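A.B. asks: Chains as they are written, first to last, in the numbering used here: chain A, 76 to 184; chain B, 59 to 196. Ideal Cβ placement from N, Cα and C applies to all residues, glycine included. Treat the numbers as computed from the prediction; the structure is a model and nothing was measured. This is the structure I have questions about; it appears just below.
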Amino acid sequence: MKITIIVYKGEKVLELSGDIDMYSSPELREQLMAHIIKKIPSLSINFGKVSYIDSSGIATFVESLKCMKLYGGRLRFFSIPEGIMEIFRFSKLDRVFDIYGNIEDVFNS
Amino acid sequence: MKDTIVIAIPSHPKFLAVVRAVTVGAGRLFEFDEAAAEDIKLAVDEACTNIIKHAYKGDTAGRIVIKYTVTRKGFKVVIDDNGVRAKPESIKGRSFDDIRPGGLGIHFIKRVFDIYRFDPKKKKGNRLILIKYSDRDK
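Right, here's the structure in full:
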C-alpha cells in the first residue's frame, strides 16, 4: 500500500493505492491518527487505486471515524471500486461512512 | 491424483499477499467466477489473519499451511497451524449494527464458505476446514 497526501481546495486528501490488510493497516492507522490527534476538521480518502481491503483495514477506518466524530470532524471517502463497495455494503458500513462518487462530489457537498 | 495445491508461509502478515495471490489463482483455476474468487481470497486471508493474531498471538516464527482441493462436493480449504488452540464456541462476529473496530473477519469467511469448522482430531494447534459446496449440492 502507498499513501500520498495532497491538498485539494485547502483540505487534506489521502490518496491510497494497493492492498490494505493486516500488514499495511498499521501504517495507515499511523497516518490517519497523526491528523486526527491534531483534530483535523475534514479528511478525505481517495480509494480509486485501492485494490483490496480486509477487516483490519476496515477496523482502522471505523476507529478513525469514531475518533473524528468525538470532536465533530468529517471523514469522507470517494472513488470506491465496486469490489470494495460490495464489502462495505455487506458489512452495512455503506450506511456509516460518508461516501461520494468522486472528489468533486466531496467538495460540492 | 486429486487437484490439490499446498502452500506454507511463516506467520508474518507480510506473507498474506502471497496467500491472496495463490488463493485467487486457485479459485480461477477451479473455475469460480471472478467475484467468487475474490470473495474466497478475502475469506482465506481473514482466516490466516486470525491465526496470526489469535493462534500465534503475533509471533512471526510460526508456520501456516494452506491446502486447496477440489472434491466432488466442492472447493475445500484446510488451514493448519501449531499455535494456541482456538475455542470455536467463542468465535463470534460482531453485530453489523454494533459499529466498532473488529469482529467482521468471521462474517467474511462464513458468507463464502458453507462449512467452517475446526477438526477436533488435530491434537496440537488447529486445523480449520472450509468448504464451499458446488451449487448443485446446495
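#1: When we look at the beta-carbon of Ser192 (chain B) and count the other beta-carbons within 10 Å, is it buried (16 or more) or exposed?
#2: Quick one: residues in its chain with C-beta nearer than 8 Å to the C-beta of Arg194 (chain B), no 5 flanking neighbours on either side, listed in chain order?
#3: Does any C-beta atom of chain A lie closer than 8 Å to the C-beta of Arg194 (chain B)?
#4: So Gly93 (chain A) is in the beta strand (DSSP E); what residue range does that whole segment cover?
#5: Alpha carbon to alpha carbon, how far is Gly183 (chain B) from Tyr174 (chain B)?
#6: Residues in the same chain with beta-carbon distance under 7 Å from Leu74 (chain B), minus the five sequence neighbours each way, listed in chain order, please.
#7: Quick one: does Lys72 (chain B) have its CB under 8 Å from some CB of chain A?
#8: Pick from A:Phe152, A:Asp180, A:Leu168: whose alpha carbon is nearest that of Gly123 (chain A)?
#9: Excluding the 5 residues flanking Ile128 (chain A) on each side, which residues of the same chain have their C-beta closer than 7 Å to its C-beta?
#10: Can you have a look at Gly116 (chain B) and say buried or exposed, based on whether 16 or more other CB atoms are within 10 angstroms of its CB?
#11: Measure the alpha-carbon distance for Asp139 (chain B) versus Ile67 (chain B) and round it to whole angstroms.
#12: Does Phe122 (chain A) come within less than 8 Å of chain B when only Cβ atoms are used?
#13: Thinking C-beta only, is Ile157 (chain B) closer than 8 Å to Asp172 (chain B)?
#14: In chain A, what lies closer than 8 Å to Phe154 (chain B) by C-beta?
#15: Under 6 Å Cβ to Cβ from Ile124 (chain B), same chain only, skipping five residues before and after it: list those, please.
#16: Would you check if the distance between the CB atom of Ser130 (chain A) and the CB atom of Phe166 (chain B) is smaller than 8 Å?
#17: Buried or exposed for Ile120 (chain A), going by 16 or more other Cβ atoms inside 10 Å?
#18: At a CB-CB cut-off below 8 Å, which residues of chain A make contact with Ile110 (chain B)?
#19: Given this structure, state the Cα-to-Cα distance separating Phe88 (chain B) from Lys181 (chain B), to the nearest angstrom.
#20: Counting only Cβ pairs nearer than 7 Å, list the residues of chain A close to Asp103 (chain B).
C.D. replies: Short version:
#1: With fewer than 16 Cβ atoms within 10 Å of its Cβ, Ser192 (chain B) is classed as exposed.
#2: Low per-residue confidence applies at Arg194 (chain B): pLDDT is 47, beneath 50, and the placement is therefore not dependable enough to give any value.
#3: For Arg194 (chain B), the predicted model reports a pLDDT of 47, less than 50, meaning its position is unreliable and no value from the coordinates is stated.
#4: Bounds of the beta strand (DSSP E) holding Gly93 (chain A) are 86-95.
#5: Distance between the alpha carbons of Gly183 (chain B) and Tyr174 (chain B) is about 16 Å.
#6: These residues qualify, in order along the chain: Asp103, Cys106, Thr107.
#7: Interface residue, yes.
#8: Ranked by how close their Cα comes to the Cα of Gly123 (chain A), the residues A:Phe152, A:Asp180, A:Leu168 have A:Phe152 in first place.
#9: Taken in chain order, the residues that qualify are Ile95, Ile159, Ile162.
#10: Its Cβ having fewer than 16 others within 10 Å, Gly116 (chain B) is exposed.
#11: Distance between the alpha carbons of Asp139 (chain B) and Ile67 (chain B): 10 Å.
#12: No, Phe122 (chain A) lies away from the interface with chain B (no Cβ there is under 8 Å from its Cβ).
#13: Taking the C-beta atoms as reference points, Ile157 (chain B) is found no nearer than 8 Å to Asp172 (chain B).
#14: Within 8 Å Cβ-Cβ: Ser166, Lys167.
#15: Excluding residues within five positions, the ones whose Cβ falls inside 6 Å are Ile65, Ile137.
#16: Going by C-beta atoms, Ser130 (chain A) is nearer than 8 Å to Phe166 (chain B).
#17: Burial of Ile120 (chain A) is indicated by the presence of at least 16 other C-beta atoms within 10 angstroms of its C-beta.
#18: Within chain A, the C-beta atoms nearer than 8 Å to that of Ile110 (chain B) come from Met97, in chain order.
#19: A straight-line Cα-Cα distance of about 31 Å links Phe88 (chain B) and Lys181 (chain B).
#20: For Asp103 (chain B), the chain A residues whose Cβ falls inside 7 Å of its Cβ are Asp96, Asp129, in order along the chain.
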